[in-house]
Amino acid sequence: MAQNKHHNDDKLAKDLNLSEDQKARFKQIDEEYAAKAKENRAAKKAEMAKMREEKIKAHRALLSPEQAAKYDEIMAKKKAKRDTHMQKKQEKKEAMKQKKSEKKAEKKAWKKDAKPAEEGQQ
Numbered sequence: 014m015a016q017n018k019h020h021n022d023d024k025l026a027k028d029l030n031l032s033e034d035q036k037a038r039f040k041q042i043d044e045e046y047a048a049k050a051k052e053n054r055a056a057k058k059a060e061m062a063k064m065r066e067e068k069i070k071a072h073r074a075l076l077s078p079e080q081a082a083k084y085d086e087i088m089a090k091k092k093a094k095r096d097t098h099m100q101k102k103q104e105k106k107e108a109m110k111q112k113k114s115e116k117k118a119e120k121k122a123w124k125k126d127a128k129p130a131e132e133g134q135q
């Protein structure tokens, strides 16, 4: 994804005929806003976690002790299922990243091997 963004930035710079100074300033602005967005996501995540806790407390306040125990059990099962799903998702993501890295290395090696053959033909 970062590679695609870089390509889009290069295309935009070319389409707008940006000077080197303008390119540098564009990059600086992009980096500043990326940092702000990251901070926002972290703050929002913390806020959502707090809201979830408040919701759980409100739910439990309505329940009898038996219902609260069952509620806790159900929620624990849901969390375990969610955690398993997230772990599988992360493993899949890492496997895809590894596969992409291997393909990139193969392509680079192939290009390296192809260059001497091209030079020999000339």
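For the sequence shown, the positions run 14 to 135 when the numbering used here is used.
Here a beta-carbon is modelled for each residue, glycine too, at the ideal position from N, C-alpha and C.
Being a predicted model, the structure only gives us computed values, none of them experimental.
Residue i vs residue j beta-carbon contact at 8 Å
i, j, result
"K36", "A26", "yes"
"R73", "Y84", "yes"
Continuous alpha helix (DSSP H) stretch holding residue i: start and end
i, result
"L75", "33 to 75"
Cutoff 8 Å: residue i Cβ touching any chain C Cβ
i, result
"R73", "Within the model displayed, chain C is absent; a lone protein chain is all it includes."
Same chain, Cβ closer than 6 Å to residue i, neighbours up to 5 away in sequence not counted
i, result
"M88", "none"
"A81", "R73"
Nonlocal neighbours in the same chain, by C-beta distance under 7 Å from residue i, ignoring five residues either side
i, result
"K40", "none"
Chain-order list of residues whose beta-carbon lies under 8 Å from that of residue i (same chain, five-residue window excluded)
i, result
"N6", "For the chain, the structure presents residues 14 to 135; residue 6 sits outside this window and is missing."
"S32", "none"
Any non-hydrogen atom of the ligand GTP within 7 Å of residue i CB
i, result
"K57", "The model depicted lacks the ligand GTP and carries no ligand whatsoever."
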